[in-house]
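Participant: Residue 123 in full-length UniProt numbering sits at position 123 of the sequence shown, with consecutive numbering throughout.
Every residue gets a Cβ at the ideal spot worked out from N, C-alpha and C, and that includes glycine.
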Amino acid sequence: MKTHLIVSIGEDYYLALAKGPLVEDHALIIPVEHRFNTLSMSSESETELSRFQNSLKSYCRGQEKEVIFFEWASLRHTHANLQKERELIPVNVTQVMAGLLNMADNADWRSHRRSKDEEMKIVENFKSRFQEYDPNC
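#1: Touch check for the stretch 18 to 25 and the stretch 41 to 55: three-plus C-beta pairs under 8 Å?
#2: Decide if residue 11 is buried, meaning its Cβ has at least 16 other Cβ atoms within 10 Å, or exposed.
#3: From this set, 115, 71, 28, 59, which residue's C-alpha is nearest residue 37's C-alpha?
#4: With a Cβ-Cβ cutoff of 7 Å, do residue 59 and residue 133 count as a contact?
#5: Strictly by DSSP, which residues pair up with residue 8?
#6: Can you tell me whether residue 146 is buried or exposed? The criterion is at least 16 other CB atoms within 10 Å of its CB, across all chains shown.
#7: What are the boundary residues of the beta strand (DSSP E) that includes residue 28?
#8: Could you check how far apart the C-beta atoms of residue 116 and residue 7 are, in whole angstroms? I think they sit under 8 Å.
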């Protein structure tokens with residue numbers, strides 16, 4: 001994760017904007033410690049994750065948007081998170097989400113890279129809009 005994309009830092013999680021966003025305000029809640037899944041986190045960590053999720057829900061409501069949360073699953077890497085959905089989802093969730101949102105061209109984040117300066121401006125803009133919802137402010 002590029003540090004200039006970080007929006008908010010908690011004890012166990014931090015919030016960052018995606019390097020190649022699928023949609024505007026595409027944010028990632030990332031554990032500070034690498035874990036196989038969020039189920040292995042402490043109850044305090046779970047509470048912090050819920051605070052981040054609730055703050056993003058409130059922010060999105062204020063923007064007249066909806067929010068979708070999902071986690072990646074992999075048994076081989078410590079950078080992975082467990083998929084929370086009860087139904088099986090194809091491996092490339094980004095392509096599925098891009099299709100559902102009628103944004104198939106955005107499925108590959110590398111296809112719409114921005115310069116570091118552009119990313120920094122976007123992050124600062126998001127921070128200013130998100131500040132009133134940020135659980136760490």
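Facilitator: Reading off the structure:
#1: no
#2: Here residue 11 is exposed, its C-beta having fewer than 16 other C-beta atoms within 10 Å.
#3: 71
#4: Result yes, Cβ atoms of residue 59 and residue 133 sit closer than 7 Å.
#5: 15
#6: Beyond the ends of the chain as shown, which are 1 and 137, falls residue 146; an answer cannot be given.
#7: That run of the beta strand (DSSP E) goes 27 to 31.
#8: Wrong, their Cβ atoms sit about 16 Å apart, outside the cutoff.
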